[in-house]
Amino acid sequence: MDFNRKFEHHLDGRTIIFDVTYDPKTHFFTVLESGQQEAYHLKFNMSTRMWTTEDGPEPQVPVEELARLVQQSFGHFV
Numbered sequence: 602m603d604f605n606r607k608f609e610h611h612l613d614g615r616t617i618i619f620d621v622t623y624d625p626k627t628h629f630f631t632v633l634e635s636g637q638q639e640a641y642h643l644k645f646n647m648s649t650r651m652w653t654t655e656d657g658p659e660p661q662v663p664v665e666e667l668a669r670l671v672q673q674s675f676g677h678f679v
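Using our numbering, count along the sequence shown one by one with no gaps and you end on 679.
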């Protein structure tokens with residue numbers, strides 16, 4: 602299985618390129634957005650059924666939208 606995806610999203614007339622890696626040990630996604638020097642983690646909490654980010658800059662899109670884009674690129678939804 603390929604654990605890396607690169608995709609783009611258009612927002613307010615600009616294009617954001619996302620470089621995403623899935624870690625099967627932690628089940629976190631490491632996300633690096635174009636224009637940023639540091640990545641952040643996207644996590645799904647099974648008990649609350651909520652997506653959150655941590656360990657880096659805030660995403661340029663809302664977390665729920667980011668989660669949808671990441672899930673769509675990997676072809677799996679929770």
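Each residue gets a CB set at the ideal place from its N, CA and C atoms; glycine is no exception. These numbers were taken from a predicted model, which means no experiment stands behind them.
For a quick check, are the C-beta atoms of residue i and residue j less than 8 angstroms apart?
i, j, result
"P660", "V632", "yes"
"F630", "H611", "no"
"E600", "W652", "Summary: the structure shown does not reach residue 600, with the chain confined to residues 602 through 679, and so no result is reported for it."
Residue i lies in the beta strand (DSSP E); which residues open and close that run?
i, result
"F675", "No beta strand (DSSP E) contains F675, which is instead part of the alpha helix (DSSP H) from V664 to F675."
"E639", "That residue, E639, is in no beta strand (DSSP E); it is neither H nor E in DSSP."
"E659", "Premise fails: E659 is in no beta strand (DSSP E) and is neither H nor E."
"F604", "Where F604 is concerned, there is no enclosing beta strand (DSSP E), given that its DSSP letter is neither H nor E."
Who are the near neighbours of residue i in its chain, counting only those whose CB is closer than 7 angstroms to its CB and skipping five residues on each side?
i, result
"G614", "none"
"Q637", "P658"
"R606", "V621, S674 and F675"
What residues in its chain sit with their C-beta under 6 angstroms from that of residue i, if we drop five residues either side in the sequence?
i, result
"Y623", "F604 and F630"
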